[in-house]
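Visitor: Residues are numbered in my numbering as their position in the sequence shown, beginning at 1, plus a constant of 73. Structure provided below as structure tokens; questions to follow.
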Amino acid sequence: MPERAHTRETRQRKVVYDVLCRTRSHPTADWIYEQARQRMPKISLGTVYRNLNVLRDEGMIREIHGVDRKTHFDADMQPHAHFVCTRCGAIRDVFPAPEVEWRSLKDLVGCEVTHQEIQFRGVCPACRRRAR
Numbered sequence: 074m075p076e077r078a079h080t081r082e083t084r085q086r087k088v089v090y091d092v093l094c095r096t097r098s099h100p101t102a103d104w105i106y107e108q109a110r111q112r113m114p115k116i117s118l119g120t121v122y123r124n125l126n127v128l129r130d131e132g133m134i135r136e137i138h139g140v141d142r143k144t145h146f147d148a149d150m151q152p153h154a155h156f157v158c159t160r161c162g163a164i165r166d167v168f169p170a171p172e173v174e175w176r177s178l179k180d181l182v183g184c185e186v187t188h189q190e191i192q193f194r195g196v197c198p199a200c201r202r203r204a205r
């Protein structure tokens, strides 16, 4: 785990982070919980949620809101966007992140932007093929 300044590392947090780092998918907390239980049988779903929130707040992971009304998580903190299929709910990474001139927002609305998250929504190739 990369160094963090705010909270101490716990065994539970390390397991949650490791589970998330070992997948290329964008899992929900329930999926992370099921995987973490294989390594730490007594971990609770509440503990998983608390640790995901700490990891998010410390900038170690990001949240992605899917069309399934669930929060998905991503440990890949490289700059990239996400594509979310509005039919099947699949979430895919988009590399490289498209360039957007967001620094001018300060001049437009008085906001100072510190980072950006880009999410595209549409229909993935598999769903498009099924629709034909």
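For glycine and all other residues, C-beta sits at the position ideal for the given N, C-alpha and C. Quick caveat: nothing in here was measured; it's all calculated off a predicted structure.
Three or more C-beta pairs under 8 Å: does that hold for the segment 110-126 against the segment 169-180?
Guide: Not touching, per the Cβ criterion.
Visitor: Measure the alpha-carbon distance for V92 versus S98 and round it to whole angstroms.
Guide: Cα-Cα distance, rounded: 11 Å.
Visitor: Rounded to whole angstroms, what is the Cα-Cα separation between R194 and G162?
Guide: Cα to Cα, R194 sits roughly 10 Å from G162.
Visitor: Please state the DSSP three-state secondary structure of A154.
Guide: Reduced to three states, the DSSP call for A154 is strand.
Visitor: For G119, count neighbouring C-beta atoms within 10 Å of its own C-beta (all shown protein chains included) and say buried if the count is 16 or more, exposed if not.
Guide: Exposed, because fewer than 16 other Cβ atoms sit within 10 Å of the Cβ of G119.
Visitor: Quick check on DSSP: helix, strand or coil for T159?
Guide: In this structure, T159 counts as coil in the three-state DSSP scheme.
Visitor: How about the segment 105-113 and the segment 148-167: do they share at least three Cβ pairs that are nearer than 8 Å?
Guide: Contact fails: fewer than three Cβ-Cβ distances are below 8 Å.
Visitor: Would you kindly work out how many angstroms separate the C-alpha atoms of I137 and K179, rounded to a whole number?
Guide: Between I137 and K179, the C-alpha separation is close to 25 Å.
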